[in-house]
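Heads up: the sequence shown begins at 3 in the working numbering, then just goes up one per residue.
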Amino acid sequence: MDLTAEIQIAADPADIAAVMFDPARTPEWMSAVTRVEILDRALAPGARVRMIGAVLSRELTWTTEVATVHFPHLLTLRMADGPVVGMTRFDVQRSGPGSRVRIRYAGELGPALAAVPDALVTGPLHAMLTADLDRLKQLVQGQA
Numbered sequence: 003m004d005l006t007a008e009i010q011i012a013a014d015p016a017d018i019a020a021v022m023f024d025p026a027r028t029p030e031w032m033s034a035v036t037r038v039e040i041l042d043r044a045l046a047p048g049a050r051v052r053m054i055g056a057v058l059s060r061e062l063t064w065t066t067e068v069a070t071v072h073f074p075h076l077l078t079l080r081m082a083d084g085p086v087v088g089m090t091r092f093d094v095q096r097s098g099p100g101s102r103v104r105i106r107y108a109g110e111l112g113p114a115l116a117a118v119p120d121a122l123v124t125g126p127l128h129a130m131l132t133a134d135l136d137r138l139k140q141l142v143q144g145q146a
């Protein structure tokens with residue numbers, strides 16, 4: 003499965019990354035996450051965060067681990083355990099008067115969601131990523 007969602011936000015990359023790359027703020031804009039447990043404080047490779055939430059109406063817990071970070075332009079997270087196996091990449095690039103923001107998830111469903119056919123997952127997950135970016139846009143532009 004390979005999903006990408008993209009949006010234009012009228013803000014500097016640093017202002018967007020201050021929200022998007024801060025795990026404590028994840029529940030503010032990612033609908034699947036209701037709370038987080040920060041296991042390692044530094045935003046550096048190897049840092050882990052436990053996410054608690056729901057995906058496709060299933061309550062789930064998963065751990066992300068920072069694979070790469072180049073603030074404010076790139077954050078790549080590896081799913082260390084949980085409902086999906088793969089990587090999520092957050093890109094924030096200067097574009098005109100604002101920034102182009104992209105989320106890309108590449109991976110596959112883990113054991114908790116294995117019974118759900120990919121065809122039933124990709125549409126709802128893409129819609130969720132798109133809605134998450136809309137929430138991020140409102141959050142970032144609202145605080146400017």
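C-beta atoms are modelled at their ideal positions from N, C-alpha and C, and glycine is treated no differently.
Tell me whether V87 sits in a helix, a strand or coil according to DSSP, three-state version.
strand
- Mind checking which residues open and close the beta strand (DSSP E) that includes M53? R50 to V57
Item checked: Cα-Cα separation between L135 and L41, rounded to whole angstroms -> 25 Å
Helix, strand or coil: how does DSSP classify R43 here?
coil
>> Any heavy atom of the ligand SAM inside 7 Å of the beta-carbon of T6?
In response: No copy of the ligand SAM appears in this structure; indeed no ligand is present at all.
(request) Report back the beta-carbon spacing between R52 and T65 to the nearest angstrom; my notes put them in contact at under 8 Å. (result) 5 Å
Does the distance from the C-beta atom of M3 to that of T124 stay below 8 Å? yes
Next on the checklist: With distance defined between alpha-carbon atoms, name the residue in L122, V71, R91 and A69 nearest to V57.
Outcome noted: L122
Exercise. Under the assumption that V142 contacts D17 (Cβ atoms under 8 Å), give the Cβ distance between them as a whole number of angstroms.
Key: 6 Å
Using 10 angstroms around the beta-carbon of P119, count the other beta-carbons present and answer buried if the total reaches 16, otherwise exposed. exposed
- Query: Are the Cβ atoms of R91 and R106 separated by less than 8 Å?
  - Reply: yes
- Message: Under DSSP, the beta strand (DSSP E) around V118 begins and ends at which residues?
- Response: Per DSSP, V118 belongs to no beta strand (DSSP E) and is neither H nor E.
C-alpha gap between R60 and G112, whole angstroms:
13 Å
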